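Each protein sequence line maps, in turn, to chains U and Z. Basically the working numbering = 1-based index in the first sequence + 259. Basically the working numbering = 1-based index in the second sequence + 10. Yeah, the Cβ is synthetic: ideal placement off N, Cα and C, and Gly gets one too. Everything numeric in this text was worked out from a predicted model, so none of it was measured. Below is one structure, written out as structure tokens; comments come after it.
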Amino acid sequence: VSEQRKRLERALQSCAERGAPADTVDLWPAVRKRVRDAPVSGERTSEASARSRTLRPSGGLPNISLALAFVVVSVLILGALVYVAAGPINGPAQHGPPPGKPHGSERGAGQTRGAPPEGRLPTLGTKVGQSRTADGERVTLDWAYADEKYVAVGLHTQRLAGAQKGVGADSGSGPSLLEPALWDDTVGDEAKLPPYVKITDASGQDFDLVGGGTGGGSANAVFDAPEGLQQGSRHRFRLEVPLSTAAGGTPGQKPAAGPFYFDFELSVRPAPTIEVNQKAEVKGITLTLERVVDSPANPQAVVCGVPVDAHRLMPWLEDQGGAHDELVSAPQKLGNGCWSLSMGHPVGEGRSSVTVARLEGVPEVPDRAEPRGRTFSVKPKTIRGSWSFEFETPGP
Amino acid sequence: MEERSAIERLKRGDIGGLEVLVRRYQARAVQAAYLIVRDRSLAEDVAQNAFVRAYNGIGRFDAERPFGPWFMRVVVNDAVKTAARRERTLPLDRDNAPASWLMDPEAGPQELAEAAETSRRVWTALQKLPPAQRAVVVQRYYLGMSEAEMAQDEGTPPGTIGWRLHAARKALSRMLRPWSRAQAAPATRRLPSSESSDYAPEGGKERE
């Protein structure tokens, strides 16, 4: 094993060195330019001060240029004041983006760093377009989606250049270095998590964050509605969005920015449930595909009959995990040997299939920090399948 | 010592402190990101962003802690997100073009037979892992981080990290096994059996 490990380490070193030779890496000019463009608040750096001196005209501005500059600055300040007085876009939710028009294109001043997440959800969802500003950051809720089982939202963040933290004046903008904090709260003590994105409604049901991702200034989040939502009804939600650095926040402490609150109302769409109730046996283990929840937000296959033993076996679908968000792809235990498995994509109409490739598990391990350089010992168990299920998905 | 001094300088707003950290960690950061995102230019973006994040977040960084593991975790986390985004829009089977360095025309016969072949197989196997598993392999076997270091700050229990690493190692082992056996055949040393090569528990000690 140690020979294998050494070979793997050498191969990784070789791949890394040949793909990105160390002597060809020079990030400093680009990093210096970026941090110079956005200096830290407080004490000015010596280099930044030197640069300011370099850029300042030595002879001073001619009077006419000075007057012109004064007018331009005044107009900019006036514009910013008018914008602040008018407040962010906060009207009632609009339904459906105009065809071909990207979401979030009407956000007033500022530029976004990234595009909303890919996939069908942004187009299936309702355009919201609410923005909130605090702590030098602006968060915009671009779209939201709700069906009987899940709620999903799409956001983007912007840093407001020139804004003092806590004031929120909008005198320009740039990409945010903070991002909505997404934590899987389906297991464990939620109170031990740093501040993270949550959604609530008037019923007080405990929505869990079961999927999502961040990147490029955009983020999406998928919540499950454990008690379900009534199809066809209008439902009011409140979304809470704390921002954190990539390293995450600290439990019990204020987030790096926010939290930002959004109140909005959505029509609840159907999430077709296909009752399959089909059995398949391999190696004496009979699994049952009970149903498929074909929600565009988080399509799930509910598989039962997984043996309950000390290895805490869990089922894994074929091809699962490849390009899915890790939060979404993790099997979710429903109890009594039943698991809910993310399928990545809705099954749609017609003939469909679901295949459980294997059962895999490890025994209970101490869920605590280990001493540095030491790890626990586990003996995993794998039972290979596959258990295949084929079924018809009826049309609407 | 130089690193602590650089962090202190940076905390005081001296950009020279950042330059020391960039010069010290840039190659490692770009290479680690490259192994995860599999694109040199994206890897440089990831590393560059991580340095800017470090610059902006240095006020909250505890100077008593080592900078390297914290910074590399930021790099790896960003690389995973970048890779996941990329692979959502670019399926893996569309990303089969070999990296140019795999076709190194300057490589001699011996090098082609050994190092290049090893690299090619590991590179190909790594591509088939999901980004999060790729990341734990890179953290463990390229950056040499312990599981405790990998779990720190991430809010992930060591058990989860261990499980992720186990799954990654197992998948890699499965993909590399035919080649490993062929490599081992002429040698006197025998590789462990297929079962034990998947996982080798050692009670209370660091694995392997």
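Quick one: grab the DSSP three-state call for residue 170 of chain Z. Indexing the second sequence from 1 puts residue 170 of chain Z at position 160. Under the three-state reduction of DSSP output, residue 170 of chain Z falls in the helix class.
Would a C-beta distance cut-off of 7 Å place residue 178 of chain Z and residue 139 of chain Z closer than the cut-off? The count along the second sequence starts at 1 and reaches residue 178 of chain Z at position 168. The count along the second sequence starts at 1 and reaches residue 139 of chain Z at position 129. Contact flag set, yes.
Report yes if the C-beta distance between residue 53 of chain Z and residue 44 of chain Z is below 7 Å; otherwise report no. Indexing the second sequence from 1 puts residue 53 of chain Z at position 43. Indexing the second sequence from 1 puts residue 44 of chain Z at position 34. Here residue 53 of chain Z is near residue 44 of chain Z, since their CB atoms are less than 7 Å apart.
Output the boundary residues of the alpha helix (DSSP H) element that contains residue 457 of chain U. Start at 1 with the first residue of the first sequence, and residue 457 of chain U comes out as number 198. DSSP places residue 457 of chain U in no alpha helix (DSSP H) but in the uninterrupted beta strand (DSSP E) bounded by 457-460.
Please confirm if residue 293 of chain U has its CB atom under 7 Å from at least one CB of chain Z. Taking the first sequence and counting its residues from 1, one reaches residue 293 of chain U at position 34. At a cut-off of 7 Å, the C-beta of residue 293 of chain U has a neighbouring C-beta in chain Z.
Any C-beta of chain U under 7 Å from that of residue 153 of chain Z: To locate residue 153 of chain Z, count along the second sequence from 1; it is residue 143. Residue 153 of chain Z does not count as touching chain U.
At what residues does the beta strand (DSSP E) containing residue 642 of chain U begin and finish? Taking the first residue of the first sequence as position 1, residue 642 of chain U is located at position 383. Counting along the chain, residue 642 of chain U sits inside the beta strand (DSSP E) bounded by residues 640-652.
With a threshold of 7 Å between beta-carbons, can residue 546 of chain U be considered close to chain Z, or not? As a position in the first sequence, residue 546 of chain U is number 287, starting the count at 1. No - not a single Cβ of chain Z is within 7 Å of the one on residue 546 of chain U.
Minimum Cβ-Cβ distance from residue 31 of chain Z to chain U less than 7 Å: Numbered from its first residue, the second sequence carries residue 31 of chain Z at position 21. Closer than 7 Å: no.
Interface partners of residue 398 of chain U on chain Z, CB under 8 Å: The count along the first sequence starts at 1 and reaches residue 398 of chain U at position 139. None at all; the shortest Cβ gap to chain Z is about 17 Å.
Return the residue from the list U:643, U:273 and U:442 that minimises the CA-CA distance to residue 543 of chain U. To locate residue 543 of chain U, count along the first sequence from 1; it is residue 284. Nearest in C-alpha terms to residue 543 of chain U, of all of U:643, U:273 and U:442, is U:643.
Complete beta strand (DSSP E) runs within the region 518-569 of chain U (minimum length 3 residues, chain order): Listed in chain order, they are 532-541, 544-552 and 559-563.
Please report how far the alpha carbon of residue 23 of chain Z lies from the alpha carbon of residue 70 of chain Z, in whole angstroms. To locate residue 23 of chain Z, count along the second sequence from 1; it is residue 13. To locate residue 70 of chain Z, count along the second sequence from 1; it is residue 60. So the two alpha carbons sit approximately 13 Å from each other.
In the DSSP assignment, what residue or residues form a beta bridge with residue 574 of chain U? For this step, residue 574 of chain U is matched to residue 315 along the first sequence. Answer is U:618, bridged to residue 574 of chain U.
Is it true that the CB of residue 409 of chain U sits closer than 7 Å to the CB of residue 294 of chain U? Start at 1 with the first residue of the first sequence, and residue 294 of chain U comes out as number 35. Start at 1 with the first residue of the first sequence, and residue 409 of chain U comes out as number 150. Cβ distance not < 7 Å, so residue 294 of chain U and residue 409 of chain U don't count as in contact.
Keeping to the same chain, check which residues put their C-beta closer than 6 Å to that of residue 646 of chain U; ignore five residues upstream and five downstream. The residue given as residue 646 of chain U occupies position 387 in the first sequence. The residues 539, 541, 546 and 615, in chain order, have a CB closer than 6 Å to that of residue 646 of chain U in the same chain once the five nearest residues on each side in sequence are set aside.
Does DSSP put residue 156 of chain Z in a helix, in a strand, or in coil? One-based indexing of the second sequence puts residue 156 of chain Z at position 146. When DSSP states are grouped into helix, strand and coil, residue 156 of chain Z belongs to the coil group.
Beta-carbon neighbours of residue 284 of chain U, restricted to chain Z and to distances below 7 Å: The sequence position of residue 284 of chain U within the first sequence is 25, counting from 1. 36, 37 and 40, listed in chain order.
What is the residue span of the beta strand (DSSP E) that residue 501 of chain U lies within? Counting from one through the first sequence, the residue named residue 501 of chain U turns up at place 242. Residue range 493-503 is occupied by the beta strand (DSSP E) that includes residue 501 of chain U.
Beta-bridge partners of residue 439 of chain U, as assigned by DSSP: For this step, residue 439 of chain U is matched to residue 180 along the first sequence. BP columns for residue 439 of chain U point to U:502.
Identify every residue that forms a DSSP beta bridge with residue 85 of chain Z. Mapped onto the second sequence, residue 85 of chain Z falls at position 75. Note: residue 85 of chain Z sits in no beta bridge, so no partner.
If we count Cβ pairs, one from each stretch, closer than 8 Å, do we get three or more for the region 482-502 of chain U versus the region 453-463 of chain U? Between the region 482-502 of chain U and the region 453-463 of chain U there are three or more C-beta pairs closer than 8 Å, enough to call the two in contact.
How about residue 58 of chain Z: is its C-beta nearer than 7 Å to some C-beta of chain A? Of the protein chains in this structure, namely U and Z, none is chain A.
Between which two residues does the alpha helix (DSSP H) holding residue 142 of chain Z run? Within the second sequence, residue 142 of chain Z is the residue found at index 132, counting from 1. Where residue 142 of chain Z is concerned, the enclosing alpha helix (DSSP H) stretches over 141-147.
Give the DSSP bridge partners of residue 409 of chain U, in chain order. For the purposes of this step, residue 409 of chain U is identified with residue 150 of the first sequence, where counting begins at 1. In the DSSP assignment, the residues bridged to residue 409 of chain U are U:483.
Check whether residue 602 of chain U and residue 560 of chain U have beta carbons under 7 Å apart: Numbered from 1 along the first sequence, position 343 holds the residue referred to as residue 602 of chain U. Numbered from 1 along the first sequence, position 301 holds the residue referred to as residue 560 of chain U. Yes; because the gap between Cβ atoms is below 7 Å, this pair is in contact.
So residue 652 of chain U packs on residue 611 of chain U, CB below 8 Å; how close in whole Å? The sequence position of residue 652 of chain U within the first sequence is 393, counting from 1. The sequence position of residue 611 of chain U within the first sequence is 352, counting from 1. The pair is a contact, with the Cβ atoms about 5 Å apart (cut-off 8 Å).
With DSSP as the reference, please indicate the residues paired to residue 609 of chain U in a beta bridge. Counting from one through the first sequence, the residue named residue 609 of chain U turns up at place 350. Looking at the DSSP output, residue 609 of chain U shares a beta bridge with U:652.
To be precise: take each residue of the region 260-280 of chain U, compare its Cβ to all Cβ atoms of chain Z, and keep it if any distance is under 8 Å. Which residues remain? For the region 260-280 of chain U, the set of positions with a beta-carbon nearer than 8 Å to some beta-carbon of chain Z reads 260, 261, 262, 263, 264, 266, 267, 268, 269, 270, 271, 272, 273, 274, 275, 276, 277, 278 and 279 in chain order.
So who's on the other strand from residue 398 of chain U, going by DSSP bridges? The sequence position of residue 398 of chain U within the first sequence is 139, counting from 1. Beta-bridge pairing links residue 398 of chain U to U:391 and U:416.
Using the Cβ count rule (16 or more neighbours within 10 Å means buried), how would you classify residue 40 of chain Z? Start at 1 with the first residue of the second sequence, and residue 40 of chain Z comes out as number 30. Classification for residue 40 of chain Z: buried.
So, for residue 146 of chain Z: in the same chain, excluding its five sequence neighbours on each side, which residues have a beta-carbon less than 6 Å away from its beta-carbon? Sequence index remark: in the second sequence, residue 146 of chain Z carries index 136 (1-based). Contacts found: 174, 175 and 178.
Have a look at the DSSP bridge pairing and note the partners of residue 660 of chain U. Residue coverage of chain U in this structure runs from 260 to 655, which leaves residue 660 of chain U outside it and unanswerable.
Neighbour list for residue 290 of chain U in chain Z, Cβ cutoff strictly below 8 Å: Within the first sequence, numbered from 1, the residue matching residue 290 of chain U stands at position 31. By Cβ distance, chain Z contributes 28, 32, 58, 61, 62 and 65.
Measure from the C-beta of residue 614 of chain U to each C-beta in chain Z and report whether the shortest distance is under 7 Å. Translated into the one-based positions of the first sequence, residue 614 of chain U becomes position 355. Judged by the 7 Å Cβ criterion, residue 614 of chain U is not in contact with chain Z.
From U:416, U:461, U:476 and U:392, residue whose alpha carbon lies closest to that of residue 88 of chain Z: Start at 1 with the first residue of the second sequence, and residue 88 of chain Z comes out as number 78. When only C-alpha atoms are compared, the closest one is U:476.
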